[in-house]
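A.B. asks: After the structure tokens below, expect a handful of questions from me.
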Amino acid sequence: MKILTTWLRSYLPGLTATDAQLAEDLTLRGIAVEGVFDLTPQHGADAGSLFEMDITTNRVDAMNHYGIAREAAVIYGIPLAPLDLTLPAELPGEAFPVRVEAPELCGRFTARVLRGITIAPSTGEVARRFRLLEQKQISNAVDATNYVTQAIGQPTHAFDLDTLQGGIVVRRAHKGERLRTLDGVERTLDPDDLVIADEEKALGIAGVMGGWDSMITPATRNVLVEAAWFDPASVRRSSKRHGLHTDASHRFERGADFNAAPAASAMVSRILLQSGGAIHGPFVDIQQPAALARTASRAAVSLQMREVRRILGPTDDPMGIPAAAVHTILSGLGCEVTAAPSSLEQPGAPASEGTHTAPMLVPVPAVLSRFEPTLPLGDEPADTALPTQASELPGHGDRPHAAAKSASDPAVFVPSPNPARALEVADPAHETPAVRSTPEQFQVERFQVTLPSWRLDLEREIDLLEEIARVHGYNRFLNTLPAFTGSVRELPSAPAFRVLRKTLLGAGWSEAISSTFVSAQDAGVFAAQPNTAVPMENPLSEEAGMLRPSLVPGMLTMLAHNLHRGVEHAALFELGTVFTGTAATATDQPTDRVAERPSLAFGAIGTLHNQPVDFYTAKGIVEALAAQFTTRLVYFDRFPPESGLLPAWLHPGRSARLVVDGSTIGFFGQLHPDEAAARKLKHTVVLGELRIDRLLQLGLRHPMPRELSRFQPVRRDFSFLLPATVEYGAIAEAVRALRIPDLQSFEPAEIREQPAAAPGAPAEYSLLLRTTFQSAERTLRDEDLQRGSQQVQDAIASVGGRLRSLQPAG
Numbered sequence: 011m012k013i014l015t016t017w018l019r020s021y022l023p024g025l026t027a028t029d030a031q032l033a034e035d036l037t038l039r040g041i042a043v044e045g046v047f048d049l050t051p052q053h054g055a056d057a058g059s060l061f062e063m064d065i066t067t068n069r070v071d072a073m074n075h076y077g078i079a080r081e082a083a084v085i086y087g088i089p090l091a092p093l094d095l096t097l098p099a100e101l102p103g104e105a106f107p108v109r110v111e112a113p114e115l116c117g118r119f120t121a122r123v124l125r126g127i128t129i130a131p132s133t134g135e136v137a138r139r140f141r142l143l144e145q146k147q148i149s150n151a152v153d154a155t156n157y158v159t160q161a162i163g164q165p166t167h168a169f170d171l172d173t174l175q176g177g178i179v180v181r182r183a184h185k186g187e188r189l190r191t192l193d194g195v196e197r198t199l200d201p202d203d204l205v206i207a208d209e210e211k212a213l214g215i216a217g218v219m220g221g222w223d224s225m226i227t228p229a230t231r232n233v234l235v236e237a238a239w240f241d242p243a244s245v246r247r248s249s250k251r252h253g254l255h256t257d258a259s260h261r262f263e264r265g266a267d268f269n270a271a272p273a274a275s276a277m278v279s280r281i282l283l284q285s286g287g288a289i290h291g292p293f294v295d296i297q298q299p300a301a302l303a304r305t306a307s308r309a310a311v312s313l314q315m316r317e318v319r320r321i322l323g324p325t326d327d328p329m330g331i332p333a334a335a336v337h338t339i340l341s342g343l344g345c346e347v348t349a350a351p352s353s354l355e356q357p358g359a360p361a362s363e364g365t366h367t368a369p370m371l372v373p374v375p376a377v378l379s380r381f382e383p384t385l386p387l388g389d390e391p392a393d394t395a396l397p398t399q400a401s402e403l404p405g406h407g408d409r410p411h412a413a414a415k416s417a418s419d420p421a422v423f424v425p426s427p428n429p430a431r432a433l434e435v436a437d438p439a440h441e442t443p444a445v446r447s448t449p450e451q452f453q454v455e456r457f458q459v460t461l462p463s464w465r466l467d468l469e470r471e472i473d474l475l476e477e478i479a480r481v482h483g484y485n486r487f488l489n490t491l492p493a494f495t496g497s498v499r500e501l502p503s504a505p506a507f508r509v510l511r512k513t514l515l516g517a518g519w520s521e522a523i524s525s526t527f528v529s530a531q532d533a534g535v536f537a538a539q540p541n542t543a544v545p546m547e548n549p550l551s552e553e554a555g556m557l558r559p560s561l562v563p564g565m566l567t568m569l570a571h572n573l574h575r576g577v578e579h580a581a582l583f584e585l586g587t588v589f590t591g592t593a594a595t596a597t598d599q600p601t602d603r604v605a606e607r608p609s610l611a612f613g614a615i616g617t618l619h620n621q622p623v624d625f626y627t628a629k630g631i632v633e634a635l636a637a638q639f640t641t642r643l644v645y646f647d648r649f650p651p652e653s654g655l656l657p658a659w660l661h662p663g664r665s666a667r668l669v670v671d672g673s674t675i676g677f678f679g680q681l682h683p684d685e686a687a688a689r690k691l692k693h694t695v696v697l698g699e700l701r702i703d704r705l706l707q708l709g710l711r712h713p714m715p716r717e718l719s720r721f722q723p724v725r726r727d728f729s730f731l732l733p734a735t736v737e738y739g740a741i742a743e744a745v746r747a748l749r750i751p752d753l754q755s756f757e758p759a760e761i762r763e764q765p766a767a768a769p770g771a772p773a774e775y776s777l778l779l780r781t782t783f784q785s786a787e788r789t790l791r792d793e794d795l796q797r798g799s800q801q802v803q804d805a806i807a808s809v810g811g812r813l814r815s816l817q818p819a820g
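As structure tokens, then:
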């Protein structure tokens with residue numbers, strides 16, 4: 011972003027710092043100036059410098075010259091010049107008809123009609139500043155809207171009034187509706203798009219770009235000036251959907267100033283009226299109640315001086331940051347700062363309970379006396395009284411103008427007062443601070459701070475503390491470590507997480523971390539149950555609009571990222587939190603409707619330990635993880651594709667479920683071919699996800715030393731025939747239930763499908779069960795082995811199996 015220092019200085023008549031010093035001081039306060047370019051060699055001695063700025067996305071208020079000037083004013087303690095918004099009196103006429111049909115997406119809409127305008131190249135201040143900025147000049151009308159965006163950060167638009175059919179309608183686009191935008195491209199609109207339209211057609215995509223049919227041309231004589239406030243999320247979606255990133259969308263989607271529209275309209279009108287013409291009819295200003303539209307009105311924030319001292323700590327001043335400095339900083343930034351009544355004490359009075367023992371005296375700051383407004387009010391009716399409080403003006407205060415709104419009439423035309431008066435009275439930097447109505451000195455421990463409409467990034471007390479520290483100067487704080495008392499207590503789940511990490515790292519897997527947010531498409535595919543994914547109220551993008559219901563989409567993204575960059579062998583795991591929506595009740599708080607739990611995902615491509623990854627790679631690591639917990643019965647089973655019990659992202663024939671003590675812990679296997687194709691993964695991908703919350707309920711296994719037997723073990727293999735419906739878990743449970751003496755271990759050595767003995771006979775499979783018998787007291791005799799073998803056969807028979815053969819293990 012480019013900023014002219016000469017333009018800044020026009021708002022800062024008391025600024026004496028050089029351009030280089032100004033750049034350094036702004037950068038130290040978080041308004042980064044990345045480059046300073048001297049314009050005087052090419053453009054003359056009065057050209058000043060050009061700042062190349064890097065403004066963070068949360069500081070949309072600083073993406074303009076007036077916003078940067080406000081920062082400089084509070085840094086140097088100098089007055090910020092008011093904007094000259096005086097306009098000639100309007101000629102009689104009817105209010106231009108405006109109808110807002112989508113109030114939830116358009117919180118404010120203003121319109122002003124100018125007739126008799128001459129469209130010509132820009133001249134004077136606008137033309138010179140655009141030349142210094144190297145910005146393309148089109149015409150005085152188009153340049154005026156761009157100029158105001160650069161000046162105060164409020165996008166506006168100028169329509170050729172004679173091309174409009176009837177009034178303005180702010181609505182959602184019709185399905186399949188077409189619009190040719192100013193870039194000459196004809197676009198198909200989506201019903202989610204908010205458009206500015208007349209009674210017959212769409213005229214532009216709200217907050218993004220205007221339309222070709224209503225654009226200003228050299229033949230234009232009558233102009234409709236529009237300035238509005240649109241919902242940031244709606245603008246962001248339309249901008250992304252149509253691939254249009256404009257100066258307007260850049261600001262609207264980050265949160266423009268709800269109260270800047272009247273001032274912006276006045277500034278554009280002043281520039282256009284320099285070429286002739288007049289205002290016809292009253293200024294139209296439609297505001298929606300907060301119940302219908304998301305507005306900039308927010309509750310006041312309580313700021314306690316003890317928190318200032320506790321969190322910010324000592325400074326180079328032994329007295330720290332006094333209350334007077336806090337008041338001056340926040341007032342300069344545009345906040346309305348008043349001392350909370352309970353915190354006011356006369357000097358010498360007993361200190362209130364909980365207040366600091368040292369008195370915090372707040373004299374009337376001398377610098378504030380220089381912020382008295384000089385109001386160029388223009389021609390006003392004699393009976394028009396100047397409001398004395400910002401809350402008396404439409405669009406200012408905690409809620410829309412009460413006199414113009416009712417529950418039954420949510421969007422009423424409000425003839426606004428002179429915008430110069432509204433802007434300057436509403437600007438706390440030029441308003442007599444409320445603290446000046448109190449005694450000249452008092453002790454204060456708490457302020458009530460009303461946040462300015464242009465600072466949507468300020469929400470809590472800690473945000474105000476950050477602003478105080480930033481403006482005061484980070485370099486003025488002493489290098490001290492924060493005090494800490496108490497002890498660090500480990501979460502009960504920490505030992506289990508350490509064991510899981512150690513097991514995976516020891517097996518050759520690498521830990522990775524993915525984003526907590528996923529797309530709506532991924533959330534729908536990977537959610538355990540339909541419609542349980544949790545959407546974000548204000549997502550960063552459409553690709554990250556949901557809280558992840560599973561770690562698998564993030565794992566696939568990481569594997570694809572590595573594979574597409576030449577890493578063909580990777581084995582990754584992630585321990586993280588997943589989120590699931592739950593049924594809400596009338597008494598639920600918003601956070602109560604979201605359940606979160608720990609989860610473990612793993613995925614591999616290529617080879618691991620010089621062996622190609624496959625289903626058994628996943629099964630092996632799952633067995634190793636389950637072995638770390640106190641389990642009685644661990645088994646795996648598979649589901650037929652038509653059962654609907656297998657996750658849709660797994661291959662139906664190469665996947666399984668892990669069951670521990672009757673509880674489903676997770677699923678694993680090979681990625682489904684359709685999902686692999688959608689993500690352009692041509693390699694075999696094995697992956698899985700386990701519910702760590704259920705494993706934690708089992709408790710960790712603590713290995714106990716056991717004396718090894720001095721006597722020789724005896725191994726025997728049993729070959730059984732079993733019905734195809736009998737799972738190995740049932741077999742293992744039956745063998746354990748008999749508690750066979752001297753049976754140290756048993757495991758399946760081989761499983762084979764068997765052809766049907768006769769047509770229509772039940773399907774069977776053969777199981778080779780390998781057993782080990784060993785006594786800790788003596789050498790086993792034949793009768794001991796015979797008795798143990800018979801018990802094994804009895805256990806298998808209890809689940810429907812029969813013995814085929816018995817032989818010593820090879």
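So the number in the working numbering is just where the residue sits in the sequence shown, counting from 1, plus 10.
Even for Gly, the Cβ is constructed at its ideal location relative to N, Cα and C.
1) Going by beta carbon distance, what residues of the same chain come within less than 7 Å of Pro-3, once the five residues before and after it are set aside?
2) If you compare alpha carbons, which of Ala-168, Gly-117 and Gln-722 is closest to Met-219?
3) State yes or no: is the C-beta of Ala-91 within less than 8 Å of the C-beta of Ile-41?
4) Between the C-alpha atoms of Leu-515 and Glu-521, what's the straight-line distance to the nearest angstrom?
5) Throw me the rounded Cβ distance for the Leu-171 and Asn-232 pair, which I believe falls under 8 Å.
6) At a cut of 8 Å, does the region 698 to 706 reach the region 763 to 771 through at least three beta carbon pairs?
7) Return the first residue and the last residue of the alpha helix (DSSP H) that Pro-683 is part of.
8) Under the three-state reduction of DSSP, which class applies to Pro-167: helix, strand or coil?
9) In this structure, does DSSP put Gly-801 in helix, strand or coil?
10) Considering only residues of the region 711 to 779, which uninterrupted alpha helix (DSSP H) runs meet the minimum length of 4 residues and lie entirely inside it, listed in chain order?
11) Just to confirm before moving on: does the CB-CB distance between Asp-29 and Ile-85 stay below 8 Å?
12) What distance in whole Å lies between the Cβ atoms of Leu-550 and Ala-628, which are believed to be in contact at a cut-off of 8 Å?
13) Would you kindly work out how many angstroms separate the C-alpha atoms of Ala-207 and Met-329, rounded to a whole number?
14) For Leu-557, which residues of its own chain have a beta-carbon under 6 Å away from its beta-carbon, when the five flanking residues on both sides are left out?
15) Put Glu-46 into one of helix, strand or coil per three-state DSSP.
16) Please state the DSSP three-state secondary structure of Thr-15.
17) Roughly how many whole angstroms lie between the Cα atoms of Ala-637 and Val-809?
18) Could you pull out every residue in the same chain whose Cβ sits closer than 6 Å to the Cβ of Arg-814, ignoring the five residues on either side in sequence?
19) Between the alpha carbons of Ala-82 and Pro-23, how many angstroms are there, rounded?
20) Please look up how many angstroms separate the CB atoms of Val-180 and Ala-112, rounded, as I've assumed it's under 8 Å.
21) Can you tell me which of the three DSSP states Ala-807 falls into?
22) Rounded to whole angstroms, how far is the Cβ of Ile-127 from the Cβ of Ser-149, which I believe are closer than 8 Å?
23) With a threshold of 8 Å, are at least 3 pairs of Cβ atoms found where one atom belongs to the region 189 to 196 and the other to the region 220 to 227?
24) Could you pull the start and end residues of the alpha helix (DSSP H) that Ala-154 belongs to?
25) For a quick check, are the C-beta atoms of Leu-561 and Ser-609 less than 8 Å apart?
26) Out of curiosity, what's the CA-to-CA distance linking Glu-552 and Cys-116?
27) Provide the residue(s) that pair with Asn-232 in DSSP beta bridges, ordered along the chain.
28) Bridge partners of Phe-583, per DSSP?
29) Leaving out five residues on either side along the sequence, give the residues of the same chain with a beta carbon under 7 Å from the beta carbon of Leu-753.
30) If you run the structure through DSSP and keep just helix, strand and coil, what is Thr-67?
31) Measuring CA to CA, which of Leu-491, Ile-13 and Asn-572 is closest to Met-63?
32) Would you report the Cα separation of Ile-472 and Val-205, rounded to the nearest angstrom?
33) Closest to Glu-699 by CA distance: which of Leu-681, Val-70, Arg-188 and Glu-787 is it?
34) DSSP three-state label for Met-556, please.
35) Excluding five sequence neighbours on each side, which residues of the same chain lie with their C-beta closer than 7 Å to the C-beta of Lys-185?
36) In chain order, what residues of the same chain have a beta carbon less than 7 Å from the beta carbon of Ala-773, not counting five sequence neighbours either side?
C.D. replies: The answer reads as follows:
1) With the chain covering 11 to 820 only, the question about residue 3 has no answer from this structure.
2) Per the Cα distances, Ala-168.
3) No; because the gap between Cβ atoms is not below 8 Å, this pair is not in contact.
4) Going from the Cα of Leu-515 to the Cα of Glu-521 covers about 8 Å.
5) Confirmed, about 4 Å.
6) No: the two stretches stay apart, fewer than three of their Cβ pairs being nearer than 8 Å.
7) Counting along the chain, the alpha helix (DSSP H) containing Pro-683 begins and ends at 683 to 688.
8) Strictly speaking, residue 167 in this sequence is His, with Pro absent from that position. The answer is strand: DSSP assigns His-167 an E or B state.
9) The question names Gly, but residue 801 in the sequence shown is Gln. It is helical.
10) Fully enclosed alpha helix (DSSP H) runs of 4 or longer: 738 to 747.
11) No, the Cβ-Cβ distance between Asp-29 and Ile-85 is not below 8 Å.
12) That belief does not hold up - the Cβ atoms of Ala-628 and Leu-550 are roughly 33 Å apart, past 8 Å.
13) Straight through space, the alpha carbons of Met-329 and Ala-207 are spaced by roughly 59 Å.
14) Cβ neighbours of Leu-557 within its own chain (closer than 6 Å, five residues either side excluded): Val-544 and Phe-589.
15) Before going further, note that residue 46 is Val rather than Glu in the sequence given. Reduced to three states, the DSSP call for Val-46 is strand.
16) Helix.
17) Roughly 26 Å separates the two Cα atoms.
18) Within the same chain, Ser-729 and Leu-731 come within 6 Å of Arg-814 by CB-CB distance, once the 5 residues on both sides are set aside.
19) Annotation: Ala-82 to Pro-23 spans about 11 Å, alpha carbon to alpha carbon.
20) For Val-180 against Ala-112, the beta-carbon gap comes to about 6 Å, under 8 Å, which counts as contact.
21) Correct three-state label for Ala-807: helix.
22) Rounded to the nearest angstrom, the Cβ distance from Ile-127 to Ser-149 is 10 Å, too far for a contact under 8 Å.
23) Yes, the region 189 to 196 is in contact with the region 220 to 227.
24) Note, Ala-154: alpha helix (DSSP H), 150 to 162.
25) Pairing Leu-561 with Ser-609 gives a Cβ-Cβ distance under 8 Å.
26) Rounded to whole angstroms, Glu-552 to Cys-116 spans 21 Å at the Cα level.
27) Paired residue(s): Arg-125.
28) DSSP, once it has assigned bridges, lists Glu-521 and Phe-612 as partnering Phe-583.
29) Thr-781, Phe-783 and Gly-798, listed in sequence order.
30) Correct three-state label for Thr-67: coil.
31) The residue among Leu-491, Ile-13 and Asn-572 with its C-alpha nearest the C-alpha of Met-63 is Ile-13.
32) Roughly 38 Å between the two C-alpha positions.
33) Checking every option, the nearest Cα to that of Glu-699 belongs to Leu-681.
34) Strand at Met-556.
35) A distance below 7 Å between beta-carbons, with the five flanking residues on each side excluded, links Lys-185 to the following residues of its chain, in chain order: Pro-201.
36) These residues qualify, in order along the chain: Ala-734 and Ala-766.
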